[in-house]
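Here the numbering used here is used: position 120 in the sequence shown is 130, and no number is missing along the way. Cβ atoms here follow ideal geometry from the backbone N, Cα and C, with glycine treated the same way. All values derive from a computational prediction rather than experimental measurement. Written below as structure tokens is the structure these notes are about.
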Amino acid sequence: MKIGVPKETIAGESRVAMTPESAVQLQKLGHECLIEKGAGMAAGFADDDYEAAGVTVVKTAASLWKEADVIAKVRVPTDAEMKRLTKDKTLISFFNPGGNAEGLELARDKGANVIAMEMVPRISRAQKMDALSSMANIAGYRAVIEAGNNFGRFFTGQVTAAGKVPPAKVLIVGAGVAGLAAIGTSVSLGAITYAFDVRPEVAEQVESMGAEFVYLDFDEDTEDGSATGGYASVQSEEFREAQLAKFREIAADMDIVITTALIPNRPAPKLWLKDMVDAMKPGSVVIDLAAEQGGNCDYTEKDEKVVTPGGVTVIGYTDFASRMATQASTLYANNVRHMLSDLTPEKDGQIVHDMDDDVIRGATVAYQGEITFPPPPPKVK
Ligand code: NAD
């Protein structure tokens, strides 16, 4: 099959869904690779690098979409892109199926198949295709770097001839994929790092990374936030109050707060409230990774950097992965390549879209003229 990757069309998006390295692997599966001219430039991959890896560089998006049997891209396709799909073509991309009824209907009407990368089930076998985790890992790392860039002091404590410098205190709220990456980065930079999550089972992991878990004054035997698949569930009002009380107690002491709290398919819980930000010292920084879902912090404005009257910088960028486009493209292209590997069981360049396979079924949101979203729950863990 011909696997084609167009240039991303959304302004400011620097990632690309195929790298020269992933193209080599795709060719080993028997596929032919095409890329739109200049598609990898913003991520640091030149047309010449693709050509050297055996990829055909196609001059225009129109011919790329026409020639390819499978289109792989990063961002949810625009209407104009969706209209380029035709019967029996397969699209592999982030697709936001829960909020993209129009896209699903267009795919159905065109008879095209759509694999939504955010729908890859979080089961062990599918980890290599888990693009949400790849991007969250990068976002967690980059959140700490962004915080450092906006913070006027060192992370690590130092004793210098010119004076003693205290270490920064960093709190990470939510220890999922992004949170754990942020914890690792913050600890490695030498900050005193604290973390909180509603799932008590992550405390050990947090502590093994060199951070301190923030425990609540609450009988956690009666409630924890664990749900299935490593995701959190909704908390009781009492639990939330205990959490907010603990945050109020420690807010003034924190120099940097990185919030990553997410409950799937719900708006982000508000956890770092106005009075907590106001209690922080001038020059402190809040990075809200949940800005896309409404934000964990009262002051967050999506895609903006706000400085509060009390001098605290609050950042709500939603494009941290794109801000590290080379790394993000490398991991995303590998996720796509693994998906295509499962779709090509005989390594003969023939796509077998096996709807009995949990992972392929879970991620397929449109298939042969039907909308197949939402999927049935996965059978295997
Ligand atoms: P995840 O599901 O792996 O982790 C979320 C964590 O939040 C879970 O561990 C959960 O238990 C915890 N949580 C839920 N409610 C909580 C609460 N009340 N208090 C404390 N913890 C709570 O998700 P993830 O993949 O790590 O993503 C985290 C966030 O980062 C998401 O909002 C995601 O959209 C966002 N993200 C942002 C960017 C960006 O560029 N801004 C990029 C990637 C991901």
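Query, Result
"If we ignore side chains and look at the alpha-carbon of each, how far apart do Gly-150 and Ala-192 end up?", "4 angstroms"
"May I have the straight-line CA-CA distance separating Ile-381 from Ile-125, to the nearest angstrom?", "11 angstroms"
"Just how far apart, CA to CA, sit Ala-201 and Val-216?", "14 angstroms"
"Rounded to whole angstroms, what is the Cα-Cα separation between Ile-182 and Met-127?", "27 angstroms"
"Go ahead and pull the three-state DSSP assignment for Gln-455.", "Outside the shown range of the chain (11 to 391) lies residue 455, about which nothing can therefore be said."
"So the beta strand (DSSP E) Phe-249 belongs to, where does it begin and stop?", "Not the beta strand (DSSP E): Phe-249 falls in the alpha helix (DSSP H), residues 247 to 260."
"Report the rounded CA-to-CA distance for Arg-30 versus Phe-383, giving the unit in angstroms.", "Checking the sequence shown, residue 30 turns out to be Pro, not Arg. Computed Cα separation, rounded: 32 angstroms."
"Relative to the alpha-carbon of Leu-281, which residue among Tyr-327, Gln-253, Gln-337 and Lys-291 has its alpha-carbon at the smallest distance?", "Gln-253"
"Assign Tyr-204 to one of three DSSP states: helix, strand, or coil.", "strand"
"For the 8 angstroms Cβ check, are there 3 or more pairs between the region 15 to 29 and the region 82 to 93?", "yes"
"Assuming contact is defined by CB atoms lying nearer than 7 angstroms, are Val-197 and Gly-220 in contact in what I supplied?", "yes"
"How long is the line joining the alpha carbons of Ala-338 and Ala-331, rounded to whole angstroms?", "6 angstroms"
"Could you give the uninterrupted runs of the beta strand (DSSP E) lying entirely in the region 117 to 201, keeping only those of 3 residues or more?", "123 to 126, 168 to 170, 173 to 175 and 179 to 183"
"So which of Ala-335, Asp-366, Met-349 and Asp-58 has the shortest CA-CA distance to Ala-52?", "Ala-335"
"Among the candidates Thr-269, Gly-293, Asn-275 and Pro-274, whose CA atom is the shortest distance from the CA of Asp-308?", "Thr-269"
"Using only the alpha-carbon positions, how far apart do Ile-325 and Ala-178 sit?", "18 angstroms"
"I need the straight-line Cα distance from Ala-301 to Glu-356, nearest angstrom please.", "42 angstroms"
"At which residues does the alpha helix (DSSP H) containing Ala-71 begin and terminate?", "71 to 77"
"With respect to the beta strand (DSSP E) encompassing Ile-45, which residues constitute its N-terminal and C-terminal limits?", "42 to 46"
"If you count every other CB in all the chains shown that lies within 10 Å of the CB of Pro-274, and 16 or more means buried, which is it?", "exposed"
"Using 6 angstroms as the cut-off, classify the Cβ of Thr-269 as near or not near the heavy atoms of the ligand NAD, replying yes or no.", "no"
"Assuming Val-180 and Ile-266 make a contact with CB atoms under 8 angstroms, what is their CB distance in whole Å?", "4 angstroms"
"Going by beta-carbon coordinates alone, are Val-287 and Thr-323 separated by less than 7 angstroms?", "no"
"So Leu-2 and Val-68 are supposed to be a Cβ contact under 8 angstroms. How far apart are they, rounded?", "Here the chain comprises residues numbered 11 to 391, so residue 2 is not present and cannot be evaluated."
"Between which two residues does the alpha helix (DSSP H) containing Thr-336 stretch?", "335 to 353"
"Starting from the C-beta of Lys-174, find all residues in its chain whose C-beta is less than 6 angstroms away, skip the five residues before and the five after it, and write them out in chain order.", "none"
"Rounding to the nearest angstrom, what Cα-Cα distance links Asp-329 and Thr-88 in this structure?", "18 angstroms"
"State yes or no: is the C-beta of Ala-172 nearer than 6 angstroms to some heavy atom of the ligand NAD?", "no"
"Could you tell me the distance, in whole angstroms, from the CA atom of Leu-114 to the CA atom of Ala-255?", "43 angstroms"
"Leaving out the 5 sequence neighbours to the left and right, which residues in its chain are closer than 8 angstroms to Asp-59 when beta-carbon positions are compared?", "Pro-30 and Gly-50"
"Distance check for Asp-358 and Gly-40, CA to CA, integer angstroms please.", "5 angstroms"
"May I ask whether a heavy atom of the ligand NAD can be found less than 6 angstroms away from the beta carbon of Leu-341?", "no"
"Can you give me the C-alpha to C-alpha distance between Gly-167 and Pro-277, rounded to a whole angstrom?", "37 angstroms"
"Tell me whether Gly-372 is buried or exposed, calling it buried when 16 or more other Cβ atoms sit within 10 Å of its Cβ.", "buried"
"What does the Cβ neighbour count give for Glu-112, buried or exposed, with the cut at 16 atoms within 10 Å?", "exposed"
"In or out: Asp-263 buried (at least 16 other Cβ within 10 Å) or exposed?", "exposed"
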